[in-house]
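The working numbering applies: residue 14 is where the sequence shown begins, and numbers increase by one.
A virtual CB, placed ideally from N, CA and C, is assigned to each residue, including glycine.
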Amino acid sequence: MTDGPPPFRDPALGVPARVADLLGRLTPAERVAMLHQFAPAVPRLGLPAFRTGQEALHGVAWMGPATVFPQAVGLGATWNDELVRRVGEAVGREVRAMRAADDRVGLNVWSPTVNPLRHPLWGRNEEGYSEDPRLTAALATAYTRGLRGDHPAHWRTAPVLKHWLAHNHETDRDTASTTLRPRVLHEYELPAFRGAVRAGAVAGVMPAYNLVNGRPNHLSPLLADELRRWSGLPLVVCSDAGAPSNIAGSQGYLPTHEEGLAAALRAGVDSFTDHGEDPAPTVARLTRALERGLITQEDVDRAVARLLDLRFRLGLLDGDSPAGADDAAFDTPGHRALAREAAEQAVVLLKNDGALPLPPGARVAVVGPLADEVKLDWYSGSLLRRVTPLDGLRAHPGVASVTFADGADRVRLRADGGWLTVPDAPAADTDGEGGRAAAVLDPALLRGRTDLPPLALGPAEAASDLAMTDWGGGVLTLRAPDGRYLSVAEDGLLRASADRPDGWVVRETFALDPAAPGGHVLRHLATGRPLLAGPGGLATAPEGADGTVWDVRRTRDGRDDVAAAASAADAVVVVLGNDPHINGRETEDRTTLGLPPQQDRLWRAAHAVNGRTVLVLASSYPYAVPHADAVLPALLWTAHGGQDAGTALARVLCGDVSPAGRLPQTWYASDADLPGLRDYDLIAARSTYLYFDGTPLYPFGHGLSYASFAYGGPTAAQAGDVLEAEVTVTNTGAVTADEVVQLYVRAVQPSVPRPHRSLAAHRRVRLTPGESRRVEFAVPLAEALGFWDGAHGRWTVEPGAYEVQAAASSADVRGTATVVVAGEPAGPRPVGAAGLAAADFDEAAGVVLVDLSRAAGDAVAPAADGVPGELVFRRCALGDGTGPVTVALRAAREEEGEARVVLDVLEAGGRGQRAEFTVPSTGDRYAYTTVTATLPSVPEGVRDIRLTLWGPVRVERLDLAR
């Protein structure tokens, strides 16, 4: 026996051997403890404590000041893989640098979010890259490559993709189930995750809070059946915060927490994020699950081994690894320049009738609620520096002068006891970021300030003018004359104390509720309580008590301020949009695409006095602004662009940079164009650019330039398993500019509904005036042209003709080539030989997909009591025309009584043969029985069939037998 270091300390050994050695040295109790997010140290082995999780979506978040890049949806608008890779690299290097100063900074980075932006009302739209899964995958691959680094042995950081799977709603997000049919799963959801995983730059995934087909995502069989088959790496699955307790808690899916956590571990969850920094409840539950035989030691060891592998790859047991201290960098000139470059490339010019670029020497009015703001979101770091649009234009040498109006109404509030008064207070001691600059592992724990005097009632001469902004839906913020926002801290008192709306619970939003006679009650939205004036100042009223009734006096109309500034200017830049903490954020979906009415009035007020009005929408998501598009000469969109957003915008407005951002998602013209928020079947709902049949306000991929570009005729050909295409693009304008060349494909005569066109590849290129460039693409043929053949349960490429389209947007095709591929005919659905899985329907109405069992499988059930559900299966081969035939139906009914299922064989003239099934109560939703019915004969050839479900009933499949 040697006294030398143990094998797991030997970097010369391979990681699997080091993991095996270290795992063998851990006691069973130590292994279980490793499964919590905050794994304790093991001093006897010299093993330090470790935590999974470090937010870094567009910069290091929650750990104090760091470089803040544009929001993820803004990075998506760049359509620039290499730029996004460099942003990921900068973020990863700052993670390393910040960890060197504070070992609470984690190296397991929970970024990026790769849920496709299927629905623009999703509250977390800002976190994703695009509505297109392949653009999402390309940018996620780039970002994770930057985060991971290129060291052959050690990872810079270990990225985890969020949120597995089909997660685009915040309403009831922990209890609502997403119905995800196989085609949407394989064609839309999985490709967004698969690209980055297969590229080898991803350490794992995080399951989402929601359920899919009735089963919690943290119990998803797809973790094993799909995710872990895409990579040879031992991918780590980290739960979302609090989600393990939801399984037996809010979801009620299993009766006890021991069973819930055991099921998650068996499904593939390795690290349990629950109960904050306290691992005790999780460890106790897993220990009891082990003692009860719900999990085995092998289950525990498998998860611990993955987590240890992660630590070794990060070099955490090798001192200062080559990918660690030597790679660290923080707030460098290069990072600052990159933040500005990314913000510039994210700006999308939506419309331009010659108003832009601004002429040199122009007098510019900069107006609107976001004109002097740099907005941060929940996953932003604290700002090291900030340049607002107002700052950027004031500093630009091409602008002669700048005037400003924020457009907020000024109001005074009077009650019976006096006027609302903001007392004098010392300067805020918060670092300018509302207390966020101090490193906190969970900023949800931050509370409002209590060291300032509360607002009170005073005489008329002491009344305070408050800047009131309506963010839509009656949600208001109020700012004191010194710029601080009114906020209610945990003690219930109202103070002017916040630098901005912030926090998991936003304490800076209010509503004015009408109260007789002609007054209003000011209600604090976070607590739901009205404000009441008392001897100690204004505070939230006790539960059930009435609030103080206020006479709200408007002393200045924000529209007048905007009009005054606009009338004296050569050009007006109106900056509107959202605050990422209000009306659309994590936990809160939007309710409309419309601008807040107050903001809508502001651009109209500016345009009424100055026709040269430019509308800038700075937002986390699309808006429907058809009237603004119809009458204004220029519109731009940018996501919240980070620390140097104002400089970037000014450079675009003044022509230093030609805009080349492209929309990463469809901008619809109205709410009427949208499907339901939880309708994930984009094929049936005809949503996203892939299937939308209407005319969008601005299409996917849209974006204008100060230059113009000509496209030559594209060529395309099949080269084995690769689709190759080329197109020549020429800058026919007078300025150097970027063009985003987009390659789409379209099946000419598909056998099933296919997209109008789908993005196969893209390339952002910079061209000088008159320069031409041949842009070449090579993409996997099956990926570009294939689809999920539900009839046979496989990915396939059909034979036939496919258009390969070179385009400037999804609605601006500049040239088309045609490729004919041999492919593999799909063939009819072999119902007679193989039966029929109910979940593999072609069309459906009034149904939901549900869990066949708690472990795996899908079934179909009516969506609502008393309303039949209908399934249609196209092109079914039933048999040879002989009969009669027995049809066996597998179904379950938990409720008492009977359910009815009707099978119709559809003929050209309508309904043909029919079989009816009676499903008895089986006493349990997972207790399936087989019932039979008889068809007089089986029609020869191919027919469509329809199943009608009169529930409650769950149907798994049907089979034909002689």
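Asked: Range covered by the alpha helix (DSSP H) that runs through residue 731; Found: From DSSP, residue 731 is part of no alpha helix (DSSP H) but of the beta strand (DSSP E) over 728 to 732.
Asked: Expected contact under 8 Å - CB spacing of residue 897 and residue 948 to nearest Å; Found: 6 Å
Asked: Delimiting residues of the alpha helix (DSSP H) encompassing residue 277; Found: 270 to 280
Asked: C-beta atoms of residue 790 and residue 774 nearer than 8 Å; Found: yes
Asked: Cβ pair residue 819, residue 828 closer than 8 Å; Found: yes
Asked: According to DSSP, residues forming a beta bridge with residue 828; Found: 819
Asked: Backbone CA spacing between residue 206 and residue 122 [nearest angstrom]; Found: 16 Å
Asked: Supposed close pair residue 359, residue 91 - CB separation, criterion 8 Å; Found: 5 Å
Asked: Cα-Cα separation, residue 631 to residue 405; Found: 14 Å
Asked: Three-way DSSP call (helix, strand, coil) for residue 325 in this model; Found: helix
Asked: Whole-angstrom distance between residue 329 and residue 852, CA atom to CA atom; Found: 46 Å
Asked: Same chain only: Cβ atoms within 8 Å of residue 621, ignoring 5 sequence neighbours per side; Found: 576
Asked: Per DSSP, the bridge partner or partners of residue 917; Found: 927 and 959
Asked: Coil, strand or helix - residue 977 by DSSP; Found: The structure shown does not extend to residue 977, since the chain spans only 14 to 975, so no value can be given for it.
Asked: Inter-stretch contact at 8 Å, needing at least 3 Cβ pairs: the segment 836 to 847 / the segment 740 to 748; Found: no
Asked: Nearest-angstrom beta carbon gap, residue 390 and residue 678 [assumed within contact, 8 Å]; Found: Actually they do not touch by this definition, with Cβ atoms about 17 Å apart.
Asked: Cross-strand partners of residue 883 (DSSP beta bridge); Found: 858 and 961
Asked: Where residue 365 sits in the DSSP three-state scheme; Found: strand
Asked: Contact under 8 Å by Cβ, residue 182 with residue 135; Found: yes
Asked: Beta-carbon spacing of residue 786, residue 778 below 8 Å; Found: yes
Asked: Residue 970 (DSSP reduced to helix, strand or coil); Found: strand
Asked: Cβ-based neighbour list, residue 320, same chain, cut-off 7 Å, excluding 5 preceding and 5 following; Found: 47, 249, 283 and 284
Asked: Proximity to residue 574 [Cα-Cα], best of 477, 378 and 642; Found: 378
Asked: Nearest-angstrom Cα separation, counted from residue 299 out to residue 944; Found: 41 Å
Asked: Check whether residue 144 and residue 392 have beta carbons under 8 Å apart; Found: no
Asked: Selection from 193, 946 and 942 that minimises the alpha carbon distance to residue 697; Found: 193
Asked: Spatial distance of residue 534 from residue 553 (CA atoms); Found: 11 Å
Asked: Minimum C-alpha distance to residue 686 - residue among 702, 673, 408 and 674; Found: 702
Asked: As assigned by DSSP and simplified to three states, the class of residue 76; Found: coil
Asked: Secondary structure of residue 310, DSSP reduced to three states; Found: helix
Asked: Per DSSP, the bridge partner or partners of residue 752; Found: 778
Asked: Paired residues, beta bridge with residue 219 - DSSP; Found: 175
Asked: With 16 other Cβ atoms within 10 Å as the buried cut-off, status of residue 650; Found: buried
Asked: Buried or exposed (CB count within 10 angstroms, at least 16 for buried), residue 940; Found: exposed
Asked: Top-ranked residue by Cα proximity to residue 960, from 913, 933, 974 and 936; Found: 913
Asked: Cβ neighbours of residue 394 in the same chain (closer than 6 Å, five flanking residues each side left out); Found: 72, 73, 74, 79 and 81
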